[in-house]
Amino acid sequence: MRLSNRCYAVTGLGYSAPWCVNAGFVAGDDLTAVVDTGGNTLSAQTIHGYASAARPGNRMLVVNTEKHFDHIGGNGFFRQHGIDVWDHAGVARTSDEFQAEIAEFNQAIPNQARRERGEARAFFHETRLVHPNRRISGDTRLDLGGCAVEILLTPGHTATNLSVWVPEAGVLFSGDCLICEYLPNLDAGAPADWRTWLESLKRIEALAPAIVVPGHGPVARGKEVQVVVDTVRRVLEESISQGHSPTAPRPPASLRVEPRASASGYMWTAAHQQPGMAAPYSARPPAPLRVEPRA
Ligand SMILES: [Zn+2]
6 MRLSNRCYAV TGLGYSAPWC VNAGFVAGDD LTAVVDTGGN TLSAQTIHGY
56 ASAARPGNRM LVVNTEKHFD HIGGNGFFRQ HGIDVWDHAG VARTSDEFQA
106 EIAEFNQAIP NQARRERGEA RAFFHETRLV HPNRRISGDT RLDLGGCAVE
156 ILLTPGHTAT NLSVWVPEAG VLFSGDCLIC EYLPNLDAGA PADWRTWLES
206 LKRIEALAPA IVVPGHGPVA RGKEVQVVVD TVRRVLEESI SQGHSPTAPR
256 PPASLRVEPR ASASGYMWTA AHQQPGMAAP YSARPPAPLR VEPRA
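6 is the number of the first residue of the sequence shown in the working numbering; add one for each residue after it.
Here it is, written out as structure tokens:
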């Protein structure tokens, strides 16, 4: 989608459901800067196609916002076309990690016949692990011709996360420093990293972007931007105080209270009624007892 004269988002590229991932590009007079390459070569072809169509005569470059495969899977396609890929100097992935990602995809296929056929290979068709060939280690400004973009260090989700800021349009491609609708992924770090992430949020707030293309989820505009920042901040602060991420492995079901979308609030699991097991919130009435089937 077109966000401004020069900025475009390519949203909803496939990854492991329910996750989809975003990319985008900024078209200067001479150069088009592509932000992230999707999770595979098929996504890269889509991004490349849109970027070529928006400004056909331009040379291209790519900026990866981070090292996770959903953002770099299309690098090989761009490098094959002689296009430079920029990323943080600290990014390095091994082919073992990439093979493990493919295996994990395959394991997640619900249908046994498709799993046995190894259909994850279809998703990663012609996708190779290719590292960036241009490295940065600090904030970097690129002149695209009539338009500048700034590559900013916004660590936290990983130590090497980058954002791409387009001052003239007030557009920020935040990578996974900000994501919308989904819970942010804190599992690549620990509380010290999450504190760093909070500093990166301050940095983004100081830019006061009009539009944010998050790493995942819908584009945020206007007042939505602050809501997204506040939401990610709240998750980080809660996780720091609890010492674990919201998506960390949860305690056994026998110790859990499941939130329910009902006026009565929380619904108990059965286990607090086991002998010797105190109800976690004694102020709440223990009845009626409802045992919910687990997905
Ligand atoms: Zn991501």
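Idealized CB from N, CA, C, for every residue including glycine.
In this text, all values refer to a predicted model and were calculated from it rather than measured experimentally.
{"Query": "Coarse secondary structure for Ile-184, derived from DSSP in three states", "Result": "coil"}
{"Query": "Contact the region 160-168 vs the region 199-208: 3+ CB pairs below 8 Å", "Result": "yes"}
{"Query": "Residue burial classification, Ser-179 (beta-carbon count within 10 angstroms, cutoff 16)", "Result": "buried"}
{"Query": "Own chain residues within Cβ distance below 6 Å of Val-96, not counting five before or after", "Result": "Lys-72 and Thr-165"}
{"Query": "Val-68 (DSSP reduced to helix, strand or coil)", "Result": "strand"}
{"Query": "Residue closest to Asn-10, alpha-carbon to alpha-carbon, out of Ala-22, Asp-34 and Asn-27", "Result": "Asp-34"}
{"Query": "Ala-59 in three-state terms, based on DSSP", "Result": "helix"}
{"Query": "Inter-residue CB distance, Ile-184 and Pro-219 (contact presumed, cutoff 8 Å)", "Result": "5 Å"}
{"Query": "Stretch pair the region 116-124 + the region 63-79: three plus CB contacts closer than 8 Å", "Result": "no"}
{"Query": "Close beta carbons around Ala-14, own chain, < 7 Å, minus the five adjacent residues each side", "Result": "Met-6, Leu-8, Asn-27, Gly-29, Val-218 and Val-224"}
{"Query": "Sequence-distant residues of its chain with Cβ nearer than 8 Å to Arg-120 (five each side left out)", "Result": "Asn-111, Gln-112 and Ile-114"}
{"Query": "Per-residue DSSP class, three states only, for Gly-281", "Result": "Residue placement at Gly-281 is poorly supported in this model, since its pLDDT is 35, which falls under 50; the coordinates still yield a value, given next. Three-state result, Gly-281: coil."}
{"Query": "Beta-carbon proximity list for Thr-42, same chain, < 8 Å, skipping 5 on both sides", "Result": "Ala-28, Ser-48, Ala-49, Ile-52, Val-67, Asn-69, His-76, Ile-77, Gly-78, Gly-79, Asn-80, Phe-82, Phe-83 and Val-90"}
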